[in-house]
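Residue numbers for the sequence shown follow our numbering, so the first one is 117 and each next one is one higher. See structure below.
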Amino acid sequence: MTSEVLERFTLEPATGRAIPVQRGQVLCVEQVGEGQCLDFNAYNLHDYKEQFHSGRTRGLHGLSPAVGDHLWSAPPRERPMFTILRDDVGANDVNFSRCSAFLYESHYGFSDDVAHSNCHDAFSEAIREWELTPDDVHDSFNAFMTTRIENGRLRIDRSLARPGARLELLAQMDALAVTVCCGGDLGATNNYALKGLQIEIRAAAADDLSKLVDVTFRHQRKVEEFANAKIKADRELRRATDFRPHWPWKQAVESLTTIEVVMSPDEQAALERIASHPRYSHMSKSDVLRFALFQRLEARHRAGIVEALGRRQREQTP
Ligand SMILES: [Zn+2]
């Protein structure tokens with residue numbers, strides 16, 4: 117059963133709009149043409165300083181987040197903001213930053229007074245409705261964007277999205293969702309032609325609500341815990357005269373001790389085998405043992421981490 121559509125509009129090419137989405141509601145994005153990238157920003161609706169973070173999302177879900185993955189907020193909040201419910205194309209990007217007027221000028225020579233259409237300026241204009249500034253735009257979740265790494269460089273391939281292809285994001289918190297049709301027609305991102313996108317906000321259905329997650333850790337920091345929680349209101353930086361640094365883990369770091377490890381002959385032979393690998397040839401036996409031990413520890417924790425963060429189980433390279 118499809119739930120009620122609360123709002124529906126079509127974004128014109130190279131424009132954007134910022135819309136509130138309440139926890140449990142679903143933001144749906146549909147292709148109206150052949151291959152149009154959606155650049156996406158998100159803010160906590162009740163505290164705009166909590167924002168989507170492509171870096172944490174990339175670290176937890178890999179280079180192309182897919183169904184079941186979350187879009188995370190930045191450290192130190194680190195909470196799921198949205199979850200991908202449906203993804204007809206399966207090509208999303210969290211590697212590239214949003215395109216900007218600077219890029220089109222530096223790469224292609226667009227230096228006229230009116231800049232080439234671009235995502236950063238489109239984000240800026242969309243969030244202006246909510247009193248936010250160009251400095252509040254952050255690295256985007258780039259949906260329907262095909263990217264890969266080749267010889268250590270990021271590459272963009274032709275978009276595979278066809279008309280009618282949908283992406284659906286479940287809001288895990290009340291959020292301001294900023295949807296932008298990427299304004300880049302000089303790269304393969306949008307197949308060299310700018311199109312619009314249809315956007316819908318859907319009321320939560322029972323099935324969607326069952327996918328709301330409660331990811332709670334002691335150290336997902338709240339504003340109340342910040343040593344400085346004041347939002348700076350002017351631009352000049354000044355040193356606080358009463359500043360004294362406080363490193364709460366200092367004692368723990370300094371109290372690390374060396375321990376003696378007693379090994380059986382079998383364990384010693386195993387250590388010799390590992391240490392003979394060229395990768396470890398410059399390391400002492402105790403360093404190799406320490407490294408191997410922690411590698412093992414990491415592997416044992418992996419399954420638990422996947423479950424705790426609601427991540428998709430993936431093939432892991434040992
Ligand atoms: Zn763009």
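Glycine included, each C-beta is placed from N, C-alpha and C at the ideal position.
- Set against 6 Å, the gap from the CB of G312 to the closest heavy atom of ligand 1 is not smaller.
- With fewer than 16 other Cβ atoms inside 10 Å of its own Cβ, T126 counts as exposed.
- In this structure, R124 places its C-beta atom within 7 Å of the C-beta atom of E316.
- Distances taken from the Cβ of G300 to the heavy atoms of ligand 1 include one shorter than 6 Å.
- A heavy atom of ligand 1 is found nearer than 6 Å to the CB of C215.
- For H254, the closest C-alpha among the options A130, E341, F156 is that of F156.
- For P136, the enclosing beta strand (DSSP E) stretches over residues 132-137.
- Residue pairing by DSSP places V294 opposite A134, N157 in a beta bridge.
- Between the alpha carbons of S240 and F410 lies a gap of roughly 45 Å.
- Between Q288 and P196, the C-beta spacing is below 7 Å.
- In the DSSP assignment, H186 falls within the unbroken beta strand (DSSP E) covering 186-188.
- Judged by pairs of C-beta atoms under 8 Å, the region 302-322 touches the region 135-145, as three or more such pairs exist.
- With at least 16 other beta carbons inside 10 angstroms of its own, R172 counts as buried.
- Between ligand 1 and the CB of C235, the shortest heavy atom gap is smaller than 6 Å.
- Taking A321 as reference, the option from E370, H398, G140, D273 with the minimal CA-CA separation is G140.
- Here DSSP, grouped into helix, strand and coil, assigns I390 to helix.
- DSSP, read as helix, strand or coil, puts F407 in helix.
- With fewer than 16 neighbouring CB atoms inside 10 Å of its own CB, T357 falls in the exposed class.
- Considering only F168, D350, G151, D209, the residue with the shortest C-alpha distance to A309 is G151.
- The continuous alpha helix (DSSP H) containing K366 extends over residues 366-370.
- When only Cα atoms are considered, T332 and S222 end up about 44 Å apart.
- F359 sits exposed, since fewer than 16 C-beta atoms from the chains shown fall within 10 Å of its C-beta.
- Only residues of its own chain outside the window of five on either side were considered, and among them A293 have a CB closer than 6 Å to the CB of I135, listed in chain order.
- Counting along the chain, D237 sits inside the alpha helix (DSSP H) bounded by residues 235-244.
- A straight-line Cα-Cα distance of about 23 Å links D290 and D209.
- Taking all protein chains in view, the Cβ of M379 is surrounded by fewer than 16 other Cβ atoms within 10 Å, so the residue is classified as exposed.
- Within the same chain, Cβ atoms closer than 8 Å to the Cβ of G149 are found at P279, A309, K311, G312, the five residues on either side in sequence being excluded.
- Cβ contact annotation for E128 (same chain, cutoff 6 Å, sequence separation greater than five): G312, in chain order.
- A322 sits in a helix when the DSSP states are folded into three classes.
- The straight-line gap separating the alpha-carbon atoms of P381 and D403 is approximately 18 Å.
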